[in-house]
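Scroll down for the structure; my scribbles are underneath it.
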Amino acid sequence: MFETILLPTDGSERAERAAPYAVELAERFDATLHPMYVVDTDALGHVLGPEQVDRIGAGQFAEMTELHERAAAAVDGVREYVDSADVTVDPVIEAGIPRTVISRFAAENDVDLIVMTSQGRGGVRRALFGSITEDVARETNVPVMVIDADDDRQDRAEPEPELA
Numbered sequence: 018m019f020e021t022i023l024l025p026t027d028g029s030e031r032a033e034r035a036a037p038y039a040v041e042l043a044e045r046f047d048a049t050l051h052p053m054y055v056v057d058t059d060a061l062g063h064v065l066g067p068e069q070v071d072r073i074g075a076g077q078f079a080e081m082t083e084l085h086e087r088a089a090a091a092v093d094g095v096r097e098y099v100d101s102a103d104v105t106v107d108p109v110i111e112a113g114i115p116r117t118v119i120s121r122f123a124a125e126n127d128v129d130l131i132v133m134t135s136q137g138r139g140g141v142r143r144a145l146f147g148s149i150t151e152d153v154a155r156e157t158n159v160p161v162m163v164i165d166a167d168d169d170r171q172d173r174a175e176p177e178p179e180l181a
């Protein structure tokens with residue numbers, strides 16, 4: 018049913034709450050899991066100059082140490098949930114407008130399921146920029162599994178025992 022699962026994350030604790038679910042599904046269906054971090058060029062455009070934003074958009078942000086470390090930490094953070102699972106993980110770091118990059122990646126890579134939390138950013142940032150999860154759900158034809166951002170379960174999802 019699921020061969021490819023996309024797990025977008027902004028590296029926040031709230032966004033990582035979707036990881037146990039994505040890992041569990043990837044393990045059950047022997048699917049490849051793509052944890053994805055999108056360097057938000059829209060948000061950076063307010064802070065950086067156009068030349069730097071263009072370089073980031075072209076994927077040339079490795080020399081921007083802090084930005085590259087944040088992206089790598091976000092996708093590598095998923096590995097703590099994979100340690101005990103037999104799951105193929107293929108991390109993705111891209112740059113652009115998150116909702117567009119996520120939707121495009123899903124379409125171009127035959128993603129079967131996108132797993133996200135109901136919100137990653139909080140407070141004022143969410144009010145200013147909107148919900149990426151909502152935007153992705155509207156823009157893509159790929160099913161989107163939305164995990165409650167207030168779910169504090171840190172272990173992998175386990176099925177409820179059957180009642181006899």
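Residue numbers (our numbering): 18 to 181. Cβ coordinates follow ideal geometry from the N, Cα and C atoms, glycine included.
Own chain, CB closer than 6 Å to residue i, minus 5 neighbours either side, in chain order
i: Y119; result: Contrary to the premise, residue 119 reads as Ile rather than Tyr in this sequence. Counting only Cβ-Cβ distances below 6 Å, and skipping sequence neighbours, we find P25 and V153.
i: E111; result: V55 and V118
Contact check, residue i vs residue j, beta carbons under 8 Å
i: G113; j: V55; result: yes
i: A43; j: V104; result: yes
i: I164; j: V132; result: yes
i: A32; j: T117; result: no
i: T49; j: E20; result: yes
i: R34; j: A166; result: yes
Residue i versus residue j - alpha carbon distance
i: N158; j: D100; result: 31 Å
i: E177; j: Y98; result: Legend: pLDDT at E177 = 48, less than 50; position of this residue unreliable, value from coordinates given subsequently. The straight-line gap from Cα to Cα measures roughly 20 Å.
i: I149; j: P115; result: 7 Å
i: L130; j: R87; result: 25 Å
i: L23; j: A39; result: 8 Å
i: R155; j: T58; result: 21 Å
i: M53; j: E151; result: 17 Å
i: V109; j: E41; result: 19 Å
i: N126; j: H51; result: 10 Å
i: E30; j: V161; result: 20 Å
Secondary structure of residue i, DSSP reduced to three states
i: D152; result: helix
i: I114; result: coil
i: V92; result: helix
i: V4; result: Outside the displayed range of the chain (18 to 181) lies residue 4, so it cannot be described from this structure.
i: P37; result: helix
i: V159; result: coil
i: V104; result: coil
i: T26; result: coil
Residues near residue i in its chain [Cβ-Cβ closer than 8 Å; skip 5 each side]
i: A90; result: G28
i: A181; result: Confidence in A181 is poor, its pLDDT being 48 and thus under 50, which makes the residue's placement unreliable; the coordinate value appears in the next sentence. Excluding residues within five positions, none has a Cβ falling inside 8 Å.
i: M18; result: F46 and D129
i: R96; result: V106
Closer than 7 Å: residue i CB and nearest the ligand ATP heavy atom
i: M18; result: In the structure on display, the ligand ATP does not appear, and there are no ligands present to speak of.
Close Cβ partners of residue i (< 7 Å) along its chain, the five nearest in sequence each way excluded
i: A123; result: L23, I131, T157 and V159
i: R121; result: none
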